[in-house]
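Structure first, then comments.
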Amino acid sequence: MGGCSNLSRGLLRRRGDRGVAPVRVRGVIIAAGESSRFGSPKALLEYQDRTVLERVSFALSSGGCDELLVVCGGTHQELIETESKRIGVLSIVNEDPTDGPISSIRVALRFPGEWDAILIHPVDVAGVRAGDVSDLIESYRRDGDAFDAWVVSHQLKRGHPLLLRRDKARRLLEKAGPPHLRALISSDDMRIQHVVSENALLLEDIDDPGDWERISPLLDN
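In structure tokens:
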């Protein structure tokens with residue numbers, strides 16, 4: 020497992036210096052998929068000498084996550100653990116990722132630590148920028164009592180990442196709770212704030228080599 024990001028700790032100190040109410044955001048990168056349609060770990064794709072995992076980790080840390088976890092598992096677990104260690108991000112293991120992303124989210128929710136909200140991002144949405152993350156977090160810090168979830172949107176379409184208050188996120192751990200993240204967000208009592216972004220790449224995930232060929236030249240972090 021890798022070490023905690025120095026960048027994350029520095030950002031926490033700087034936020035405290037501004038005198039803003041202290042809240043802790045746990046950032047989670049979901050990277051336990053098999054990448055079956057791609058044929059190789061999408062987290063380790065490189066563009067301009069930086070892996071996708073490195074780019075996404077930088078965006079979440081620079082955008083204001085106080086803690087950053089990479090959830091890995093399955094066939095590519097060791098490779099992603101090695102890359103996480105190289106870039107200084109803590110990796111945790113989903114021992115059974117066959118249920119899809121929800122199983123990795125539950126692993127991240129159960130991981131020990133103190134946090135007030137969780138920001139969830141799939142590693143294959145490689146075009147996330149620090150500004151997208153900071154916009155979500157600042158909206159949460161500003162209106163934390165008024166909403167339960169913050170979702171980025173572009174041209175009226177929801178994208179990634181997504182931020183949830185801790186009390187709402189932990190519903191996913193309940194025995195009779197929502198079976199997946201979409202079901203939680205669709206709950207009648209969920210108060211959702213859409214945070215508009217001009218970044219169209221937040222709607223784009225990498226499913227196959229053609230996607231990567233199209234998306235990679237647009238990456239700018």
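Here this note's numbering is used: the sequence shown runs in plain steps of one and ends on residue 240. Cβ atoms here follow ideal geometry from the backbone N, Cα and C, with glycine treated the same way.
Assuming Leu87 and Leu79 make a contact with CB atoms under 8 Å, what is their CB distance in whole Å?
-> Sequence index remark: in the sequence shown, residue 87 carries index 68 (1-based). Sequence index remark: in the sequence shown, residue 79 carries index 60 (1-based). Correct: roughly 6 Å between the Cβ atoms.
Determine the closest residue to Leu183 out of Gly93, Ile106, His95, His140, with distance taken between C-alpha atoms.
-> As a position in the sequence shown, residue 183 is number 164, starting the count at 1. Ranking Gly93, Ile106, His95, His140 by Cα distance to Leu183 puts His140 first.
So, helix, strand or coil for Arg56, using DSSP?
-> Here residue 56 refers to the residue found at position 37 when the sequence shown is read from its first residue. Looking at Arg56 - three-state DSSP - the assignment turns out to be coil, as it is neither helix nor strand.
Buried or exposed: Pro116, going by 16 or more other Cβ atoms within 10 Å of its Cβ?
-> Position 97 of the sequence shown holds residue 116. Classification of Pro116: buried, given that the 10 Å Cβ count is 16 or more.
Ends of the alpha helix (DSSP H) at Leu222?
-> As a first step, residue 222 must be located in the sequence shown, where it is residue number 203. Unbroken run through Leu222: none, as it is neither H nor E.
Which residues does DSSP pair with Pro141 in a beta bridge?
-> Position 122 of the sequence shown, counting from 1, holds the residue named residue 141. In the DSSP output, where bridge partners are listed per residue, Pro141 has Ile49.
Which full runs of the beta strand (DSSP E) of 3+ residues lie inside the stretch 64–127, going along the chain?
-> 86–91, 109–112
Span of the alpha helix (DSSP H) around Arg233 = For this step, residue 233 is matched to residue 214 along the sequence shown. From DSSP, the alpha helix (DSSP H) with Arg233 extends over 228–234.
Could you work out which residue in Gly58, Leu138, Glu232 is closest to Lys187 when comparing CA atoms only?
-> Reading the sequence shown from its first residue, position 168 is the one you call residue 187. Measuring from the Cα of Lys187, the nearest candidate turns out to be Leu138.
So, helix, strand or coil for Lys194, using DSSP?
-> Looking up residue 194 in the sequence shown gives position 175. Here Lys194 sits in coil by DSSP.
Taking C-alpha atoms, which residue in Ser123, Val112, Val47, Ser54 lies nearest to Leu181?
-> Residue mapping note: residue 181 aligns to position 162 of the sequence shown, counting from 1. Of the candidates Ser123, Val112, Val47, Ser54, the one whose C-alpha sits nearest the C-alpha of Leu181 is Val47.
CB-CB under 7 Å to Ala145, same chain, minus the five flanking residues each way: which ones, in chain order?
-> Counted from its first residue, the sequence shown places residue 145 at position 126. Val71, Arg74, Val75, Ile225, Ile234, Leu238, listed in sequence order.
Identity of the residues DSSP links to Trp169 by a beta bridge = Here residue 169 is taken as the residue at index 150 of the sequence shown, counted from 1. Leu182, Gln212, per the DSSP bridge assignment.
Classify Pro60 as buried or exposed, calling it buried when 16 or more other Cβ atoms lie within 10 Å of its own Cβ.
-> Within the sequence shown, residue 60 is the residue found at index 41, counting from 1. Flag for Pro60 reads buried.
Of the choices His199, Leu192, Glu157, whose alpha-carbon is the least far from that of Gln212?
-> One-based indexing of the sequence shown puts residue 212 at position 193. It is Glu157.
Run through DSSP, which three-state label would Val152 get?
-> Position 133 of the sequence shown, counted from the start, is the residue given in the question as residue 152. Here Val152 sits in helix by DSSP.
N- and C-terminal bounds of the alpha helix (DSSP H) containing Ala62 = As a position in the sequence shown, residue 62 is number 43, starting the count at 1. Premise fails: Ala62 is in no alpha helix (DSSP H) and is neither H nor E.
Arg161 - DSSP class collapsed to helix/strand/coil | Numbered from its first residue, the sequence shown carries residue 161 at position 142. In the structure shown, Arg161 sits in a helix (DSSP, three-state: H, G or I).
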